[in-house]
Every structure is written in C-alpha cells, then in structure tokens.
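Written out below as structure tokens is the structure these notes cover.
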Amino acid sequence: MLALLLATAFSNAAAVAADPDPPGKALYTSRCGMCHQTIGMAVGILSRRPADTSKGLLEQRTDLSAAFVTAAARAGINNMPRISRAEVSDPELAQIATYLARGRP
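The C-terminal position of the sequence shown is numbered 118 in the numbering used here, with every residue numbered one higher than the one before it.
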C-alpha cells in the first residue's frame, strides 16, 4: 500500500511544481486545516517544542516527505490521532502529502 501511495506522490510531484494552487492545498485546508493552520491546536503544540519552534505551520516546513506525512496521518503521531480511510481516502491523502512535501516522495 505504501508503494502505491509513493507512486501516486511521484506522479503528482510535477503538478505541485506547476500549479500555484494544487489540489492538495484545498484538501489540506478542508481535512487538516482546523488543527494545522494558523490558529489550530497542533500549530501551538508543534511551535512549543524546544528543539525547533519553526515546525508549527506544516505548509511552511521544508523537511516533510510524502511518506512521512502519510505514515503520520495513518498511524497518528504524538497528540495527533490516526486518520482513517473513512475520514480521508488514500488518493486524498496522497494529494495532501504531495502538497505538504512540495512534491518530494
């Protein structure tokens, strides 16, 4: 399954670079934004980490890979609960992951 998600991420990578408003952005806003955009709870939690306070806004990070985003969403990580396929389908998550990773697998 991870190989399928990675293959989808590779195919979406060129679209992310060419499209100023990629499809993953709208999905990210609607599915993840309540916690991971400007006033979201996750922004505050991630920003308080002493190692690096710049990790609060996921859209501004440059260290995320699509594989990491996918794994974190499906398994959950720290305070973030896992996101089921009923909440966000695999194709939707692939678009979100590609958007956050800026096309990096």
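Where a beta carbon is used, it is the ideal one built from N, C-alpha and C, also for glycine.
Mind checking whether residue i and residue j have CB atoms under 9 Å apart?
i: Arg44; j: Ile109; result: yes
i: Thr51; j: Arg115; result: no
Spatial neighbours of residue i within its chain, please: C-beta separation below 6 Å, excluding the five flanking residues on both sides.
i: Leu15; result: Here the model assigns Leu15 a pLDDT of 41, short of 50, so the residue's position is not dependable and the matter cannot be decided.
i: Leu113; result: Leu71, Leu77 and Val82
i: Arg98; result: none
i: Gly37; result: Gln108, Ile109, Thr111 and Tyr112
How would you label residue i, buried or exposed, when you count the other beta carbons within 10 angstroms and need 16 or more for buried?
i: Ile96; result: buried
i: Pro35; result: buried
i: Ala107; result: buried
i: Ala86; result: buried
Within its chain, find whatever has a CB closer than 7 Å to the CB of residue i; leave out the 5 residues flanking it on each side and keep chain order.
i: Arg117; result: Ser78 and Ala79
i: Ala55; result: Cys48, His49 and Met93
i: Leu17; result: Its pLDDT being 41, under 50, Leu17 is placed unreliably by the model, and the measurement read from it follows with that caveat. None.
i: Ala88; result: Arg95
Return the chain-ordered list of same chain residues with a C-beta closer than 8 Å to the C-beta of residue i, the five sequence neighbours on each side being excluded.
i: Glu105; result: Leu40 and Arg44
i: Gly53; result: Gly46 and Met47
Looking at chain E, is there any beta carbon in it that lies within less than 9 Å of the beta carbon of residue i?
i: Lys38; result: Of the chains in the structure shown, none is chain E; there is only one protein chain.
Does the beta-carbon of residue i, which I'm using as the reference point, lie nearer than 8 Å to any heavy atom of the ligand ATP?
i: Thr42; result: Among the ligands in the structure shown, none appear at all, so the ligand ATP cannot be discussed.
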